[in-house]
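Enquirer: A single structure is presented below for examination.
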Amino acid sequence: MSYKSPPYQCVKQNKTELVLYWCLHQFLDSVTMSHPDAVTTAPCGTDQFANLRMNMCDIPPKKRKCDFQMTGNQLVTLSSPTEIVLKLPQNTSASFPIWGLIQASQAEVVWNVTPYKIDIRIVPLNAFKTEVSEPSDQVAEQQQRSGDSFFIVHESVPNWGSIFYDPVQESTFDKQYQIGKTQICDQFLLGCCSLDLRCPLHHTPFPFHWQLRRRAGYQWISVSQSAQIHLEKLYCNADSDEAILNLLDNVFTLNFDSMTVCDSDNYDEVRRLSNTTKSNCNPHFPTVWKMYWRNDYDLFVEYDESISRQLEDAIQNRALKCTFTQTGRQYEVDFSNLNQKNIATGFIREIRRRPVFRSLPALQPHLKTLSPNVFPGHGEAQPQVCLADPLEEFTCWYPPVWRPGPIEEEFTKIEVKLYEKAHLKVYELFHKTLSEADVEIVNIYQIQNTFQWDKYRRQKEYMLAKCGENKERTIERHLFHGTTTDAVDRICKNNFDPRVSGKNGSVYGRGSYFAQNASYSNDFAKPTEDGFQYMFLAKVLVGKKDTGKSGYYRPPPLLPDNPTSDLYDSCVNNPTDPTIFVIFDSCQCYPYYLIKYRVMSDVVNISEWNM
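The structure is reproduced here in structure tokens:
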């Protein structure tokens, strides 16, 4: 298992777990580090981060002791139940520049744990300032070498605790509106920052980054990767006032308006780093802010675009107040107190400023800093990425996105990776009617069942032949079908079965129901005890459509007075603009993709690292 830790985070130790607290200003890698007399003693603390755990319960005691000793010179010693001491070998060179970075707390640790070995590597942080220069090919080469880790950037300051320390207090306005020192380097996000260690801006994996500030020492601590996404989704929802943070069963509250932490003895403030708002600096994914006002129903409503732009310009210019006119009424916005006042009546409403959420699949074509949990680590084989769009028409018999699978299996569920085009297309279609602020996709699986696909494909060829010269008619659609967890594998193996219809109603006929919108199918995707829901994105041959009726067991005839007339291919709720489709023959549908998702929770586990 591979682990990577932001510095100065610690966890507990017990009989079955070894948990380390890393002081990175002294902790060195014996391969790339450089000071013969360096010794570090790392005491355990009370703030605990689950991602630092190394499970040692299956290792024999004698072997476990050897894991922390080196031949000749003992480099690592467990000096007490709460301390670990690390030394450098005597022959280590002191000429490497990384030593200066470690002393300045400008490094983070990446390590790999096996049952009998812990390999440790130090990664420098980009935190020094210099003049701007043009991008070079060296940056791309460096990123390729270090593709399995993040470079989290923080300001350079003198003392050893400086890696997250902010010696200059930001103004309340700058902190509240996230301008000034919280700028993320867009060139780094786009893969072309040539400044490397000298860049004055933050280098983070995403165009947003959340950190908590320790009360002691004013150190800024980054939350986990998955918590970054979760917090950003909650924050982008204008109706979200706060988030509940869970740190190994220690629960406290984050207030989004004041950017403060409540009910915590260890943390007092929070900040959100952000990339540029200027499209000329980043044409692919600049930060877009929206302004909202609270209506009489206690909901936040977005300002008109022109007013929102006027207010945002005032914020960037650090104006404390701004006036605007709408429908003949004049209003004054007080940015410090987050309110809007009707100048004539004095009536005050609350206002709110939130960014537009940018999903990772949408960022992926241009964002060059995705995590090792998404892309393979350094030295691992690069995946074969299929660039085909699974929702586009294709001429080959089997979908071009299919992969070789075990022949003996009746069907296979293959996880679709974030970097694949199929993930982006399914993600976009799913979230077209189900907001990213309300639900989150956990996994997307590609269903490969050659027996069921062959039946579907033959039916498609038959229906296309019947279209004759009118082959421009769209007979195939991609539609959603919500289901329960116990029916998932049954559908993957046996396809959708119209014969068992009626469980959820039969308003438009007794067949298999599909919906154009994921929001409709969501009502039929019953959550498990763990809160997971399942929905299929199916290929459906809708063909010729007619309005359905509850008594239909098959589609009605095209020519009711002709006993030999062909039948319609499907029934719908509205023939001119259908959103619900009923299929009476299983060979007219195929379970193309399976989507596993869950409702977004206000509780954010900030120590959970897997995305």
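Residue numbers (the working numbering): 431 to 1041. The beta carbon of each residue, even a glycine, is placed where N, CA and C say it ideally should be.
Note down, in chain order, each residue of its chain lying with its Cβ closer than 6 Å to the Cβ of K771, except the 5 sequence neighbours on either side.
Expert: Taken in chain order, the residues that qualify are E762, I778.
Enquirer: Verify whether the separation of the beta carbon atoms of E840 and F881 is less than 9 Å.
Expert: yes
Enquirer: Report yes if the CB atom of I674 is closer than 9 Å to the CB atom of D1032, and no otherwise.
Expert: yes
Enquirer: Tell me where the alpha helix (DSSP H) around R1028 begins and ends.
Expert: Here R1028 belongs to no alpha helix (DSSP H); instead the beta strand (DSSP E) covers 1019–1029.
Enquirer: Are the beta-carbon atoms of A668 and K720 separated by less than 9 Å?
Expert: For A668 and K720, yes; Cβs fall inside 9 Å.
Enquirer: Taking the alpha-carbon positions, what's the T977 to A917 distance?
Expert: 28 Å
Enquirer: Decide if P637 is buried, meaning its Cβ has at least 16 other Cβ atoms within 10 Å, or exposed.
Expert: buried
Enquirer: Using 8 Å as the Cβ pair cut-off and three pairs as the minimum, do the stretch 990–1005 and the stretch 927–934 touch?
Expert: no
Enquirer: For V930, name the three-state secondary structure that DSSP assigns.
Expert: Secondary structure of V930 (DSSP, three-state): helix.
Enquirer: At which residues does the alpha helix (DSSP H) containing N725 begin and terminate?
Expert: Where N725 is concerned, there is no enclosing alpha helix (DSSP H), given that its DSSP letter is neither H nor E.
Enquirer: Report the rounded CA-to-CA distance for G981 versus N712, giving the unit in angstroms.
Expert: 57 Å
Enquirer: So, for E672: in the same chain, excluding its five sequence neighbours on each side, which residues have a beta-carbon less than 7 Å away from its beta-carbon?
Expert: In the same chain as E672, and ignoring 5 residues on each side of it, the C-beta atoms closer than 7 Å to its own belong to T683, L684, N685, F686, in chain order.
Enquirer: From the DSSP output, which residues share a beta bridge with I745?
Expert: Answer by DSSP bridge pairing: none, since I745 is not bridged.
Enquirer: Roughly how many whole angstroms lie between the Cα atoms of P985 and W883?
Expert: Spanning the alpha carbons of P985 and W883 requires a straight line of approximately 23 Å.
Enquirer: Counting beta carbon pairs with one atom in the stretch 634–654 and one in the stretch 721–729, are three or more of them shorter than 8 Å?
Expert: Contact fails: fewer than three Cβ-Cβ distances are below 8 Å.
Enquirer: Taking the alpha-carbon positions, what's the V681 to T775 distance?
Expert: Roughly 42 Å separates the two Cα atoms.
Enquirer: Out of Q794, K708, N879, point me to the one whose CA is closest to Y849's CA.
Expert: Ranking Q794, K708, N879 by Cα distance to Y849 puts Q794 first.
Enquirer: Counting only the same chain and skipping the five closest in sequence on each side, list residues whose C-beta sits under 6 Å from that of R575.
Expert: Low confidence applies to R575: its pLDDT is 34, below 50, so where it sits in the model is not reliable enough to give any reading.
Enquirer: Identify whether T717 lies in helix, strand or coil by the three-state DSSP scheme.
Expert: Three-state DSSP puts T717 in coil, outside helix and strand.
Enquirer: Under 9 Å, do N676 and I1025 count as touching if we go by C-beta distance?
Expert: At least 9 Å separates the beta-carbon of N676 from that of I1025.
Enquirer: Closer than 8 Å by C-beta to F962: which residues in its own chain qualify, once you throw out the five before and the five after it? Chain order, please.
Expert: V872, T915, K1026, Y1027, R1028
Enquirer: When you compare only the Cα positions, how much space is there between G939 and E870?
Expert: 32 Å
Enquirer: Please classify K771: does DSSP put it in a helix, a strand, or coil?
Expert: strand
Enquirer: According to DSSP, H1118 sits in a beta bridge with which residue or residues?
Expert: Since the first and last residues shown for the chain are 431 and 1041, residue 1118 lies out of range.
Enquirer: So who's on the other strand from T913, going by DSSP bridges?
Expert: Y964
Enquirer: Buried or exposed: which applies to P1021, given that a residue is buried once 16 or more other Cβ atoms fall within 10 Å of its Cβ?
Expert: buried
Enquirer: Drop a sphere of 10 angstroms on the beta-carbon of H796, count the other beta-carbons inside from all chains shown, and report buried for 16 or more, exposed for fewer.
Expert: exposed
Enquirer: What residue from Q1018, P957, S951, C752 has the CA that sits closest to G973's CA?
Expert: Q1018
Enquirer: For the ligand MG, is there a heavy atom less than 8 Å away from the beta-carbon of S1037?
Expert: Questions concerning the ligand MG fall outside what the structure shown contains, since it holds no ligand whatsoever.
Enquirer: Do L703 and Q613 have their beta-carbon atoms positioned less than 9 Å apart in this structure?
Expert: In this structure, Q613 places its C-beta atom within 9 Å of the C-beta atom of L703.
Enquirer: Between the alpha carbons of T471 and I651, how many angstroms are there, rounded?
Expert: Because the pLDDT at T471 is just 34, under 50, the model does not fix this residue reliably, and the point stays unresolved.
Enquirer: Go through its chain and collect everything with a Cβ distance to S951's Cβ below 7 Å, but skip five positions before and after it.
Expert: F910, H911, G912, A945, M965
Enquirer: Leaving aside the five residues before and after Q756 along the sequence, list all residues of the same chain whose C-beta is less than 8 Å from its C-beta, in chain order.
Expert: The residues are D734, I737.
Enquirer: For the alpha helix (DSSP H) containing W832, list its first residue and its last residue.
Expert: The continuous stretches of alpha helix (DSSP H) do not include W832, and DSSP gives it neither H nor E.
Enquirer: Since I905 and Y1023 should fall inside the 8 Å C-beta cutoff, what is the C-beta to C-beta distance between them, to a whole number of angstroms?
Expert: Not really, about 20 Å apart at Cβ, beyond 8 Å.
Enquirer: Tell me where the beta strand (DSSP E) around F730 begins and ends.
Expert: 730–732
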